[in-house]
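So in full-length UniProt numbering the end of the sequence shown lands on 100, straight run, no missing numbers.
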Amino acid sequence: GFGASTPRAIRVSIHETRMKEDVMSMQWLESGLTIPAGETVELKPSSYHLMLEKLAEPLKAGESIPLTLEFEGAERMQVELKVQFLDADMKEPETTHSEH
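Structure, rendered in structure tokens:
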């Protein structure tokens, strides 16, 4: 199995986005993601991806966060993730005056 953790979120879950009959759906992989020996899986939008849940604080575009990748039967791997918008062409959301 495969999993992940970060100090920035209470939980990191694995999801798969699928297109079926012109309807896109996202499904939580409750038992994790199985990667057969010798094979690779790419984590990316609209496919397998990690979801950070119950964040300790909001993430900001451009910042880097630590993430530990956990593999069954193998060593953990420490990586840094750069936070970016799903649509890279989107601009940072503007704050409202009510937040001042």
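Yeah, the Cβ is synthetic: ideal placement off N, Cα and C, and Gly gets one too.
Keep in mind the model is a prediction, meaning the values are calculated, not measured.
Each of L55, Y48 and F85 was checked against the Cα of G3, and the nearest Cα belongs to Y48. In this structure L52 touches V12 by the C-beta definition: roughly 6 Å separates them, less than 8 Å. Collapsing the DSSP output to three states places F85 in coil.
Bounds of the beta strand (DSSP E) holding A9 are A9 to K20. For the options A61, M19, P7 and I35, the alpha carbon positioned closest to that of F71 is the one of I35.
A direct Cα-to-Cα measurement between T40 and H15 gives close to 16 Å. Distance from the CA of G73 to the CA of S31, rounded to the nearest whole angstrom, comes to 16 Å.
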